[in-house]
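Written out below as structure tokens is the structure these notes cover.
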């Protein structure tokens, strides 16, 4: 006789509860690990609000050197270690990529904001003074700036995009943007009496600003990137192992959080956020959100125009033009890869404080610090908001890439099933028989005979 021991019900129930608690805890930990960047951003904002002097310019940690130089240099040194030289070389000569990103950054975005600003002026905003003139001027400055230096590279990498393309666009945009942006601002600012007291200095007086931006770009972007590439070329296997096992991408993301900390600290230290009218602050915050989403959509459409539009509408029109074939091939729109599209979306819509803050300080050097702070607030708010919005887009673009992978797997599975049916002789689509081939040959011969008679 076999005797079986009966496990008490309360013991089984406790064990099931323990499994549920463990599963819930693991799910919670996984959620926190996936959202750690947003949590760090929030922590950086709280620290900046509570103790703004620590990470502000001239503070105890000297953030103008340790963060604005040190953190950015580390981010691009890690990028140099991660990227293959071949990918950088390919993107360097990708003219379509350069035209789309820089064209959106320096043409499309300034024109869109200029139209919005003139609509507000025509609606009588300058008379009601609901939105302050320095806010409008500061947003015009923001629209003319080049792409940001570090966050879009990190976000592109985190989303699975082509970070080599992002790095190339960062370098090109900030090198040329340092000279293009002052001219754009000076040319686009309205020549109206209300803006007279906010007019900037002539771009010809900005020699010190040009040299400062060039020095910073060389020390924080180009030099670390070149050093990282040299180290990768000399010790490729060891570097690949370190990048894979030491999670260097996470390290560069941490240094991005220090940039957010420093940016918010400067915003809170000036006190301009507290003295500016709340209506102007709310307008800037919500307008930035809407504009960033709009700019991202524009970038996506330029990078991946609808296939039917290109094939049926634009393609035939270009084919009918009597222009050289290489030029027609160059101007014909076509879809970029999904990885490059992600880089275009992050780079085209983003703006930088690295050029924006010193540019405002140089172009309005004759004004007091509070005036410059008012003009810098739209730049600071846009660059801070774009980081939070870009972090949300990381998950959107990850889904965008996963969807393409799933569709490719579905296609492969269908092909595999057809192959198996063909091997089993059960394919629904019958292969042409010998008799069918002979009938086709007779038909072609008869047609040929008819043609000969006609001739």
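Residue numbers (this note's numbering): 84 to 538. Note that CB positions come from ideal geometry on N, CA and C, so glycine has one too. Given the structure is predicted, the values throughout are model-derived calculations rather than measurements.
Going by C-alpha to C-alpha distance, which of the options sits closest to residue i?
i: residue 195; options: 231, 460 and 378; result: 378
i: residue 169; options: 307, 297, 316 and 128; result: 316
i: residue 541; options: 243, 277 and 368; result: As displayed, the chain neither begins before 84 nor continues past 538, which places residue 541 out of reach and without an answer.
i: residue 234; options: 304, 214, 368 and 313; result: 304
i: residue 455; options: 281, 165 and 306; result: 281
i: residue 197; options: 391, 271 and 133; result: 271
i: residue 390; options: 368, 381, 418 and 369; result: 418
i: residue 250; options: 309, 208, 124 and 462; result: 309
In terms of residue numbering, what span does the alpha helix (DSSP H) encompassing residue i cover?
i: residue 560; result: The structure shown does not extend to residue 560, since the chain spans only 84 to 538, so no value can be given for it.
i: residue 256; result: 246-271
i: residue 276; result: Segment: none, residue 276 is in no alpha helix (DSSP H) and carries neither H nor E.
i: residue 419; result: Here residue 419 belongs to no alpha helix (DSSP H), and DSSP marks it neither H nor E.
i: residue 76; result: Examination of residue 76 is not possible in this model, given that the chain is present from 84 through 538 alone.
i: residue 225; result: 216-226
i: residue 209; result: 208-211
i: residue 315; result: 306-317
i: residue 204; result: 192-205
Alpha carbon to alpha carbon, how far is residue j from residue i? Give it in angstroms, no decimals.
i: residue 62; j: residue 337; result: This structure cannot settle anything about residue 62, because the visible part of the chain is limited to 84 through 538.
i: residue 257; j: residue 438; result: 8 Å
i: residue 383; j: residue 99; result: 48 Å
i: residue 138; j: residue 274; result: 38 Å
i: residue 457; j: residue 237; result: 29 Å
i: residue 341; j: residue 355; result: 22 Å
i: residue 459; j: residue 102; result: 53 Å
i: residue 247; j: residue 142; result: 34 Å
i: residue 133; j: residue 240; result: 32 Å
i: residue 416; j: residue 388; result: 7 Å
i: residue 166; j: residue 371; result: 32 Å
i: residue 470; j: residue 188; result: 17 Å
i: residue 127; j: residue 453; result: 24 Å
i: residue 140; j: residue 147; result: 5 Å
i: residue 217; j: residue 426; result: 32 Å
i: residue 74; j: residue 119; result: Here the chain has residues from 84 to 538 only, and residue 74 is not among them.
Would a check of beta-carbon distances place residue i closer than 8 Å to chain C?
i: residue 454; result: No chain C appears in the structure shown, which is made up of a single protein chain.
Quick check for students: name the residue ranges of the alpha helix (DSSP H) that lie wholly in the stretch 128-185, counting only runs of 4 or more. The stretch 128-185 contains these whole alpha helix (DSSP H) runs: 135-138, 155-165 and 168-175.
Would you call the stretch 427-438 and the stretch 224-233 in contact, with 3 or more CB pairs under 8 Å? The stretch 427-438 is in contact with the stretch 224-233.
Say whether the stretch 175-189 touches the stretch 348-356, bearing in mind that this needs 3 or more beta-carbon pairs closer than 8 Å, one atom from each stretch. A contact is defined here as three or more CB-CB pairs under 8 Å, and the stretch 175-189 fails this definition with respect to the stretch 348-356.
Complete runs of the beta strand (DSSP E) confined to the stretch 321-362 [at least 3 residues]: With a minimum length of 3 residues, no continuous beta strand (DSSP E) run stays inside the stretch 321-362.
Would you check if the stretch 248-263 and the stretch 296-308 touch, i.e. whether three or more CB-CB distances between them fall below 8 Å? By the criterion of at least three beta-carbon pairs nearer than 8 Å, the stretch 296-308 is in contact with the stretch 248-263.
Are three or more beta carbon pairs between the stretch 359-375 and the stretch 145-161 nearer than 8 Å? The stretch 359-375 vs the stretch 145-161: no contact.
Taking 8 Å as the threshold, find out whether the stretch 178-198 comes into contact with the stretch 355-369 through three or more Cβ pairs. The answer is no - the stretch 355-369 does not touch the stretch 178-198, with fewer than three Cβ pairs under 8 Å.
Counting pairs of Cβ atoms below 8 Å between the stretch 439-446 and the stretch 195-205, do you hit three or more? Segments in contact, no.
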